[in-house]
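Student: Dumping the structure here so I can ask a few things about it.
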DNA sequence: TGCTAAATCTCGAAC
DNA sequence: GTTCGAGGTTTAGCA
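Here you go:
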């Protein structure tokens with residue numbers, strides 16, 4: 106019944122059977138649905154929350170995820186993950202939208218005392234999203250160009266299982282010593298140092314020979330410099346943006362450029 | 106110039122000076138602004154991202170935070186924290202909304218090739234939000250009713266500084282032994298066990314006497330039971346929802362009830 | 001202001 | 001399915 110338009114708008118819709126049916130239809134047809142109005146919100150699931158009456162924006166997406174947004178604050182005050190089942194009803198003059206999610210079992214109940222606006226959207230979006238300068242980019246950059254970590258460093262493997270987890274990069278330094286590399290895209294704190302230390306300890310005991318630990322991060326938290334030194338670990342300043350630019354350069358290099366750089 | 110209505114709607118607005126001016130005014134007046142249309146999005150800041158053309162919902166809130174939502178996926182694909190400065194312009198027939206944030210310095214640029222809908226909202230929401238069954242609720246419940254942890258347990262202090270952090274609760278058990286309690290609201294993993302172990306170690310060395318470690322959580326991860334036992338730590342199953350109900354009960358108790366319960 | 005830990009964290013990958 | 005760690009994490013609480 107709804108045509109090919111991108112958006113249908115109901116301005117100050119009454120809370121009645123007609124409005125209820127339209128909302129039910131837009132949910133059944135997997136449209137994106139915006140409801141703006143004065144409402145109360147309850148949540149029960151992993152935790153429990155309550156929010157008294159106020160004006161909010163409610164978003165139901167095509168994957169049946171739910172967002173409740175207040176006029177301020179960048180995060181949603183209540184939400185529901187993809188795959189909800191919705192029930193719409195009218196109770197004591199209020200339009201009630203209930204969303205139920207399984208695994209984890211959670212319920213969000215929204216009671217609208219007033220509806221200011223209802224919008225039904227038919228959006229198309231197939232584009233791909235790309236993100237750069239992540240910790241994974243830093244890891245790739247070191248593997249592609251190990252000299253940014255240390256002259257003479259040669260990666261041997263990465264994501265290697267070492268109790269109590271996985272080391273980011275594992276290799277050999279210019280003097281033939283084993284070296285474990287822990288990468289952080291932000292300032293490395295106490296936990297990063299302790300984690301690296303645990304890896305070094307495990308590998309030392311396993312290999313029964315010297316193993317270096319190298320922490321690669323933009324900076325190291327002030328109090329942790331001493332801890333790092335006392336544990337005989339190294340620190341190498343490394344910026345995620347610089348790593349991203351190395352990947353970009355490598356990606357855009359022609360074959361000739363590549364051969365020149367690596368001859 | 107905009108009156109007291111809750112919502113103004115521009116249906117398929119043209120990309121021209123008039124639309125640009127209206128958007129600029131709604132930003133200047135700190136309205137909540139929704140823009141729905143076909144757009145491209147770029148982000149530069151702590152990382153870098155790119156998203157090609159597609160239909161999206163853009164939200165600018167009254168605190169000048171920004172959200173870019175795709176038709177599916179519960180999380181925003183791009184966002185900007187509260188306190189942005191916006192610039193609106195028309196470039197090569199596209200409406201360009203640029204948001205700039207300081208500290209961290211970040212930029213989100215949205216280029217609309219088409220606008221399906223623009224909504225300007227004047228929302229009022231003063232209600233308070235309450236959340237229950239958090240880790241803090243669990244801590245409070247144990248302090249109020251220590252027997253849920255262990256018969257005869259007596260809390261001495263909480264949030265006590267013990268390297269390398271703060272212990273959740275610190276007390277004495279029925280046999281007079283010191284006990285450190287580590288609380289987790291979800292299944293406790295290896296890290297929780299290791300952290301508790303570090304606290305116990307520090308306190309043992311400091312006090313030079315026996316110190317027990319008690320891990321209170323809904324459950325313990327499978328592989329960690331052995332680790333817990335080898336470190337001679339205890340585990341007490343404890344549910345956040347149950348703790349919340351204890352707090353609720355305590356809160357709603359009359360003075361008479363309280364005296365009866367604690368006589 | 002800076003740091004630390006929790007979160008209805010979410011998400012993805014690996015086992 | 002479970003577990004584990006990254007994230008433009010964000011946010012709240014303190015030193």
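Protein chains in written order, with the working numbering: chain G, 106 to 368; chain A, 106 to 368. Beta carbons: idealized from backbone N, C-alpha and C, even for Gly. Being a predicted model, the structure only gives us computed values, none of them experimental.
Between the alpha carbons of residue 256(A) and residue 246(A), how many angstroms are there, rounded?
Tutor: Looking at the two C-alpha atoms, the distance is approximately 14 Å.
Student: Is any beta-carbon of chain A found at less than 7 Å from that of residue 203(G)?
Tutor: Output row for residue 203(G): interface = no.
Student: Return the first residue and the last residue of the alpha helix (DSSP H) that residue 330(A) is part of.
Tutor: It spans 329 to 335 - the alpha helix (DSSP H) in which residue 330(A) sits, taken as one unbroken run.
Student: Check whether the Cβ of residue 120(A) lies closer than 7 Å to any Cβ atom in chain G.
Tutor: No, residue 120(A) lies away from the interface with chain G (no Cβ there is under 7 Å from its Cβ).
Student: What residue range is occupied by the uninterrupted beta strand (DSSP E) comprising residue 120(A)?
Tutor: Neither: residue 120(A) is in no beta strand (DSSP E) and is coded neither H nor E.
Student: Using beta carbons (cut-off 7 Å, strictly below), is residue 213(A) in contact with chain G?
Tutor: False, the Cβ-Cβ gap to chain G never drops below 7 Å.
Student: Return the first residue and the last residue of the alpha helix (DSSP H) that residue 302(G) is part of.
Tutor: Run containing residue 302(G): 295 to 312, per the alpha helix (DSSP H) assignment.
Student: Would residue 176(A) pass as a contact of residue 172(G) if the rule is Cβ separation under 7 Å?
Tutor: Their beta carbons are not under 7 Å apart, which means residue 176(A) does not touch residue 172(G) by this criterion.
Student: Which term fits residue 183(A), buried or exposed, when burial requires 16 or more other beta carbons within 10 angstroms of its beta carbon?
Tutor: Residue 183(A) is buried by the Cβ-count criterion.
Student: Going by C-alpha distance, which of 300(A), 214(A), 301(A) and 166(A) is nearest residue 134(A)?
Tutor: Closest by alpha carbon: 166(A).
Student: Taking buried to mean at least 16 other C-beta atoms within 10 Å of its own C-beta, is residue 217(G) buried or exposed?
Tutor: Buried is the call here.
Student: Looking at the C-beta of residue 208(A), does it have a partner C-beta in chain G at a distance below 7 Å?
Tutor: By this cut-off, residue 208(A) is not an interface position.
Student: Determine the DSSP secondary structure at residue 146(A), reduced to helix, strand or coil.
Tutor: The answer is strand: DSSP assigns residue 146(A) an E or B state.
Student: Interface residues of chain G around residue 114(A) at Cβ under 8 Å?
Tutor: By Cβ distance, chain G contributes 114, 116 and 222.
Student: Name, please, each residue of chain A whose Cβ falls closer than 9 Å to the Cβ of residue 152(G).
Tutor: Those within 9 Å of residue 152(G) in chain A are 236, 237, 238, 239, 242, 290, 345, 346 and 349.
Student: Taking the beta carbon of residue 363(G) as the centre, do at least 16 other beta carbons fall within 10 Å, making it buried, or is it exposed?
Tutor: For residue 363(G), the predicted structure reports a pLDDT of 48, less than 50, and the residue's modelled location is therefore unreliable. A value from the coordinates is still provided. Per the 10 Å Cβ criterion, exposed.
Student: Does the stretch 198 to 216 of chain G come within contact of the stretch 142 to 157 of chain G, defined as at least 3 CB pairs closer than 8 Å?
Tutor: Yes, the stretch 198 to 216 of chain G touches the stretch 142 to 157 of chain G.
Student: Give the DSSP-derived three-state secondary structure of residue 354(A) in the structure shown.
Tutor: Helix, per DSSP.
Student: Taking residue 141(A) as the query, report the chain G residues whose CB atoms sit under 7 Å from its CB, ordered along the chain.
Tutor: Those within 7 Å of residue 141(A) in chain G are 112 and 226.
Student: Closer than 8 Å is the cut-off here; do at least three beta carbon pairs connect the stretch 291 to 306 of chain G with the stretch 316 to 332 of chain G?
Tutor: The stretch 291 to 306 of chain G, when compared against the stretch 316 to 332 of chain G, does touch it at the 8 Å Cβ threshold.
Student: So does the stretch 115 to 133 of chain A actually touch the stretch 219 to 237 of chain A, counting three or more Cβ pairs closer than 8 Å?
Tutor: These segments touch.
Student: Residue range of the beta strand (DSSP E) that residue 287(G) falls in?
Tutor: Start and end: 283 to 288.
Student: Could you tell me which residues DSSP puts in a beta bridge with residue 154(G)?
Tutor: In DSSP, residue 154(G) forms a bridge with 148(G) and 236(A).
Student: Suppose contacts are defined by Cβ-Cβ distances below 7 Å. Is residue 118(A) in contact with residue 238(A) by that definition?
Tutor: No, these two residues do not count as a Cβ contact at 7 Å.
Student: Specify, as a first and last residue, the run of the beta strand (DSSP E) that residue 174(G) falls within.
Tutor: From DSSP, the beta strand (DSSP E) with residue 174(G) extends over 171 to 174.
Student: Check whether the Cβ of residue 300(G) lies closer than 7 Å to any Cβ atom in chain A.
Tutor: Closer than 7 Å: no.
Student: Helix, strand or coil for residue 209(G), going by three-state DSSP, please let me know.
Tutor: Three-state result, residue 209(G): coil.
Student: Please compile the residues from chain A whose C-beta is within a distance smaller than 8 Å of the C-beta of residue 200(G).
Tutor: None at all; the shortest Cβ gap to chain A is about 16 Å.
Student: Locate the beta strand (DSSP E) running through residue 273(A), then write down its first and last residues.
Tutor: Note, residue 273(A): beta strand (DSSP E), 270 to 277.
Student: Tell me, please, whether the CB atom of residue 256(A) is closer than 7 Å to any CB atom in chain G?
Tutor: Answer no: the Cβ-Cβ gap between residue 256(A) and chain G never drops below 7 Å.
Student: Rounding to the nearest angstrom, what Cα-Cα distance links residue 305(G) and residue 316(G) in this structure?
Tutor: Near 6 Å, if we compare the C-alpha coordinates of residue 316(G) and residue 305(G).
Student: So, is residue 143(A) buried or exposed, given that buried needs 16 or more other C-beta atoms within 10 angstroms?
Tutor: It counts as buried.
Student: Would you decide whether residue 368(A) is buried or exposed? Buried here means 16 or more other CB atoms lie within 10 Å of its CB.
Tutor: In this prediction, residue 368(A) scores a pLDDT of 45, lower than 50, which makes its location untrustworthy; no coordinate-derived value is stated.
Student: Based on Cα-Cα distance, which residue from 221(G), 185(G) and 350(G) lies nearest to residue 205(G)?
Tutor: Per the Cα distances, 185(G).
Student: Report the residue from 139(G), 353(G), 121(G) and 110(G) whose alpha carbon sits nearest the alpha carbon of residue 200(G).
Tutor: It is 121(G).
Student: Would you check whether the ligand NAP has a heavy atom nearer than 6 Å to the C-beta of residue 113(G)?
Tutor: Ligands in the displayed structure: none, and consequently the ligand NAP is not present.
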